[in-house]
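Residue numbers (the working numbering): 5 to 159. Beta carbons are placed, not taken as given, at the ideal position from N, Cα and C, and that holds for glycine. Take a look at the structure set out below.
Dropping the structure here:
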């Protein structure tokens, strides 16, 4: 199965997007309307060369990140065959107290992971939450401004 960036964006809008969306019945509400601090990087692999995007829930769009090669990140071989990979990360400079920041981030990431699991099952694809991500390679691409939390692969 393949998915276009527009289809992936639509899926992520339901999982991570607008909290008042009518189709959200049964899904957790990430951050319950709080200011988002998570960032979502998406590698679309269902194209000849992997393309890297940043998903921006508030704007309802995926912006392509030019000049960054996702294939530099060393991940497991079976994850390279996925439809897309979603990397959760947060800004290294906390906007709130450290413990409060981590609590919000963990809640939002947990809600999003649950929602993506429900959505992927609904379209008959599999998902896997993976902590396997080469942090050194991630930092070589994004610098130290972001800290990766975990990655979800949709296969």
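Of the listed residues the options, nearest to residue i (C-alpha basis)
{"i": "residue 112", "options": "55, 7, 9, 61", "result": "61"}
{"i": "residue 144", "options": "131, 72, 58, 59", "result": "72"}
{"i": "residue 138", "options": "91, 63, 124", "result": "91"}
{"i": "residue 94", "options": "6, 45, 141, 13", "result": "45"}
{"i": "residue 19", "options": "131, 117, 140, 129", "result": "117"}
{"i": "residue 157", "options": "142, 125, 140, 130", "result": "130"}
{"i": "residue 53", "options": "63, 59, 86", "result": "86"}
Inter-residue Cα distance where the pair is residue i and residue j
{"i": "residue 9", "j": "residue 48", "result": "7 Å"}
{"i": "residue 84", "j": "residue 97", "result": "31 Å"}
{"i": "residue 17", "j": "residue 115", "result": "13 Å"}
{"i": "residue 147", "j": "residue 153", "result": "15 Å"}
{"i": "residue 55", "j": "residue 11", "result": "15 Å"}
{"i": "residue 150", "j": "residue 69", "result": "15 Å"}
{"i": "residue 128", "j": "residue 66", "result": "23 Å"}
{"i": "residue 13", "j": "residue 121", "result": "15 Å"}
{"i": "residue 159", "j": "residue 142", "result": "22 Å"}
{"i": "residue 57", "j": "residue 88", "result": "11 Å"}
{"i": "residue 7", "j": "residue 124", "result": "12 Å"}
Residues that residue i bridges to, as DSSP identifies them
{"i": "residue 95", "result": "150"}
{"i": "residue 45", "result": "58, 91"}
{"i": "residue 132", "result": "157"}
Residue i burial status per 10 Å Cβ neighbour count (16 or more: buried)
{"i": "residue 15", "result": "buried"}
{"i": "residue 155", "result": "buried"}
{"i": "residue 43", "result": "buried"}
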